[in-house]
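Sequence order for the protein chains is V and S. Just so you know, we're using my numbering here: the first sequence kicks off at 1 and counts up by one. Just so you know, we're using my numbering here: the second sequence kicks off at 1001 and counts up by one. The beta carbon of each residue, even a glycine, is placed where N, CA and C say it ideally should be.
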Amino acid sequence: MVVKVISADHAVAWAVRLAKVEVIPAFPITPQTLIMELLAEFINDGELDAEFIAAESEHSVMSVAIGASVGGVRTFTASSSQGLALMHEMLYVPPQVRLPIVMVNVNRSLGAAAGIWLEHNDSMPERESGWLQCYVEDNQEALDMVLQAYRIAEDERVMLPLMVCLDGFVLSHTVERVEVPGQEEVDYFLPRFRPCVTLDPSEPQLINPIVPPDYAMEMRYQLDRAIDASRRVIAEVDELFGRTFGRRYGGLLQTYKMEDAEYALLSLGTVTTTARAVVDELRSRGEKAGLIKLRFMRPFPEKELKEVTKDLRSLGVFDRSLSMNGFGPVFTEVRGALSSSGIALSDHIGGLGGRDVTLEHIREIYSDIALGKAVQDGANWYGLRRRRK
Amino acid sequence: MREKEVEKLTIRDVPNKDYFIWGHGACPGCGVAIAVKNIMRILGPETIVYVPASCLVVFGAQYPFSSFDVPYFFSAFENTGAVISGIKAALRRKGKNALVVGLAGDGGTYDIGLQALSGAADRGEDVLYLCLDNEAYMNTGIQMSGATPFGAWTTTSPIGKKIKGKRRFKKDLDHIVAAHDPAYLATLSIAHFNDFVRKVERAKAIAGFRFLHVLTPCVPGWKYESSRTLEIARLAVETGMWTLFESYENESRVTYKPSVMQPVTEYLKLQGRFSNMTEEDVNTLQRWLCMKWWIHYKDQVEAPPCRMFEAERPLAHDGDPLHGV
């Protein structure tokens, strides 16, 4: 193990190197670029024995990744925003063909009102595609989660692609202290990839032909069950990771001071760190505030969420994305899961288009949750230049 | 296979074993099925096939059946160049040496797939890209593509009162691919079979990015009698609508020269898709062909026309949508 001071993008590149990925198709897009630049350096310096394929678009990047994965080798790629949107069509292939591709999405807003800054509106729509989807909080978690991702994705009970999402610029270009594990430990944690099906002339297989209505629905069902089965694998892998490297993340979700909490915020990504500081403040004043860090959007931890929220009076959800003229997608999922719980639920939108989310915003959100301001007429917006409330 | 051996190959050298077997759902007389069946015989068992959205993806393999007796994969329409790049990369990593071939249609190559084709050619991927050119989007019901010839009827270039058929000439895809310096590039006709065999064998033997372009007549799309597929494929070459050439090792050469240029009407009159061409449009097409003829054959093959031929019979239609005149 060595300690480096690196950005989350570079932490990801180190994880990919340690995972001994063999094929890496790439197309440059801000703020993902640092990942691919460092991987290209590793390969050209002979430090990573892999193929770097500079494709001509993100659509082709995902197509190359699909080809490489169905060819039977460990495959990695990364994207952001417009690039992920361009991949959209191809994202539906790996889940149904059961290809354990790992992709890092560096979250960034989608145009129009174009910008390169942080928002979750690029990855949230892709939760319908069948990819497992995880959100990380800091650079260490970015590195660790890529290693966990391969272990989860390639488990024979799962065999699904996994998208690790990290917050653009807040993590991707910000340096932090990161422990980079040694190769031997990683080799122990992450065995070689053994594909279940692959294209090999010695055993011809028909992979992903046209599927008529007689069979297609069963395939959808199997995919749905595989996503469900991944819940258990995610928890197991987190356990194993903890035993190997000494760090645990809680699997599907992580709680903070929830034991006796009366009200809480559910967040994902970097906002969690800010919220943790606010919870500490509130606790020092004797308030019974808690925090839930949602790590996975798919599989969505419905049972786990019911368990940790059962004694709550009110729960707020922080959304860094928006389903236009509706609620944030995280809130919609949470409300679906807790619809019969009787807890006052509210949606809190902030940080869109790269707008900074400050301690003050989070304090305001907690005070709104504490007052039980359940949303009746829509989501509450924080940090707007002109407050609508 | 050595150069001299390839030069001697004929139709007799094609193996009998099929890797695109019976049971597929193509129309009788389908040019794509004829081309793929013979190409797969020559490429043999050490082949991995990728088919993008096209007729072939529908009639070649539908779960749980497949006419391909080799590994087969499909994922989308526009990504043939990219997917075969990925499969080949995986094989290289595993130290395996199968031929990775993409079997795309003209829409999936000329139009929506051009970017991925260019990317793969530009990277010099060690793959074989095959374009099965039936000159329109046949899988979705005969819509015009970049490959559709001038004057042809399709459902998106209908014969209207004001505009009659496609108004642009066929896109010169081979020159676009040639500009990428591929390892091998050739045009094929199912009616010139010795030439066909040699070119597929050569493409199989050479390493690097290889591009084969086959003209594949389409019975319902071109509206002709299904027994006439080969006749029409042959006339395409004899009239200059299709030229047989190959390009490799920095040299380009015509591989079959018609003895004399046939008037394009000989080709047009067999096909319902051209049945409503005006005389002026036929002249326009003929002039364009004469220019192409000169570029391809220079003065090696006599081209008496370019003054117009007189049509033996007027171009008229018998009313049957499947028939030419």
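* To do: Please go through the same chain and pick out, in chain order, the residues whose beta-carbon is closer than 8 Å to the beta-carbon of LYS1037 (chain S), but skip the five residues on each side of it.
  => ASP1018 and PHE1020
* Determine, using beta carbons only, whether VAL1101 (chain S) and THR1047 (chain S) come nearer to each other than 9 Å. => A contact, by the Cβ cut-off of 9 Å.
* Asked: Is the CB-CB distance between TRP131 (chain V) and ARG298 (chain V) below 9 Å?
  -> yes
* Host alpha helix (DSSP H) of PRO31 (chain V) (start-end) -> Counting along the chain, PRO31 (chain V) falls outside any alpha helix (DSSP H), and DSSP gives it neither H nor E.
* Asked: Are the C-beta of THR274 (chain V) and some C-beta of chain S separated by less than 9 Å?
  -> In terms of beta-carbon proximity, THR274 (chain V) stays away from the interface with chain S, with every pair separated by 9 Å or more.
* **Residues of the region 338-365 of chain V whose Cβ lies closer than 9 Å to any Cβ of chain S, in chain order** => none
* To do: Please name the residue or residues paired with ALA344 (chain V) in a DSSP beta bridge.
  => V:SER314
* Identify, in the order they occur along the chain, each residue of the same chain with its Cβ nearer than 7 Å to the Cβ of THR1278 (chain S), setting aside the five sequence neighbours on each side. => LYS1164
* Asked: Taking only beta-carbon atoms, is ARG1123 (chain S) less than 9 Å away from chain V?
  -> yes
* **Chain-order list of residues whose beta-carbon lies under 6 Å from that of ALA11 (chain V) (same chain, five-residue window excluded)** => ASN139, ALA142, LEU143 and VAL178
* Going straight from the alpha carbon of SER69 (chain V) to that of GLY316 (chain V), what length do you get? -> Their backbone Cα atoms lie some 40 Å apart in a straight line.
* **Inside the region 193-229 of chain V only - beta strand (DSSP E) runs reaching at least 3 residues** => none
* Asked: In chain order, which continuous runs of the alpha helix (DSSP H) of length 4 or greater are located wholly inside the region 1249-1285 of chain S?
  -> 1265-1268
* Roughly how far, in whole angstroms, is the beta-carbon of ASN105 (chain V) from the beta-carbon of SER79 (chain V), given that I think they are within contact range, below 8 Å? -> 6 Å
* To do: Can you check DSSP and say which residues form a bridge with ASN380 (chain V)?
  => V:HIS348
* Have a look at GLY269 (chain V) and ALA1026 (chain S) and give me their C-alpha separation to the nearest angstrom. => GLY269 (chain V) and ALA1026 (chain S) have their C-alpha atoms some 52 Å from each other.
* Where does the unbroken beta strand (DSSP E) through MET163 (chain V) begin, and where does it stop? -> 162-167
* Below-9 Å beta-carbon distance, GLY71 (chain V) vs any chain S residue -> Residue-level contact check: GLY71 (chain V) touches chain S, since one or more beta carbons of chain S fall below 9 Å from its beta carbon.
* Asked: What residues in the region 184-216 of chain V bring their beta carbon closer than 7 Å to a beta carbon of chain S?
  -> LEU199, ASP200, PRO201, PRO204, GLN205, LEU206, ILE207, ASN208, PRO209, ILE210, VAL211, PRO212 and TYR215
* CA-to-CA distance, GLY251 (chain V) to PRO94 (chain V), given in whole angstroms -> 23 Å
* **Under the three-state DSSP convention, the category LYS1004 (chain S) falls into** => helix
* **Backbone CA spacing between TYR1137 (chain S) and GLY1113 (chain S) [nearest angstrom]** => Whole-angstrom Cα-Cα distance: 13 Å.
* To do: Would you please verify whether the beta carbon of PRO28 (chain V) is less than 9 Å from any beta carbon of chain S?
  => no
* To do: Check whether the Cβ of GLU1078 (chain S) lies closer than 9 Å to any Cβ atom in chain V.
  => It does: the Cβ of GLU1078 (chain S) has a partner Cβ on chain V nearer than 9 Å.
* Would you list the one or two residues that DSSP bridges to ASP1133 (chain S)? => S:LEU1215
* Asked: What does VAL1101 (chain S) reach in chain V if we use C-beta pairs closer than 8 Å?
  -> The premise fails here: VAL1101 (chain S) is roughly 12 Å from chain V at the closest Cβ pair, so nothing lies under 8 Å.
* Chain-ordered neighbours of GLY67 (chain V) on chain S, where CB pairs are closer than 9 Å -> TYR1050, PHE1073, SER1075, ASN1079, ALA1082, VAL1083, ILE1084, SER1085, GLY1086, ILE1087, LYS1088, ALA1089, ALA1090 and VAL1100
* Starting from the N-terminal side, write out each stretch of the alpha helix (DSSP H) that is 4 residues or longer and does not extend beyond the region 1101-1145 of chain S. => 1114-1122
* Asked: How big is the Cα-Cα spacing for LYS1292 (chain S) and ASP1013 (chain S)?
  -> Between the C-alpha atoms of LYS1292 (chain S) and ASP1013 (chain S) there is a straight-line separation of about 33 Å.
* Excluding five sequence neighbours on each side, which residues of the same chain lie with their C-beta closer than 7 Å to the C-beta of ASP228 (chain V)? -> The residues are PRO299.
* Please decide whether PRO25 (chain V) counts as near chain S, where near means a Cβ-Cβ distance under 9 Å. => yes
* With a cut-off of 9 Å, does the C-beta of VAL93 (chain V) fall near any C-beta of chain S? -> yes
* Asked: Would PHE1077 (chain S) be called buried (16 or more neighbouring beta carbons within 10 Å of its own) or exposed?
  -> buried
* Roughly how many angstroms lie between the CA atoms of TYR1224 (chain S) and LEU1244 (chain S), to the nearest whole one? -> For the pair TYR1224 (chain S) and LEU1244 (chain S), the Cα-to-Cα distance works out to about 23 Å.
* Less than 8 Å between the CB atoms is what I'm expecting for ALA1090 (chain S) and VAL23 (chain V), so what's the real figure, rounded? => 6 Å
* Cβ of VAL1177 (chain S) less than 9 Å from any chain V Cβ? -> So no, VAL1177 (chain S) is outside the interface.
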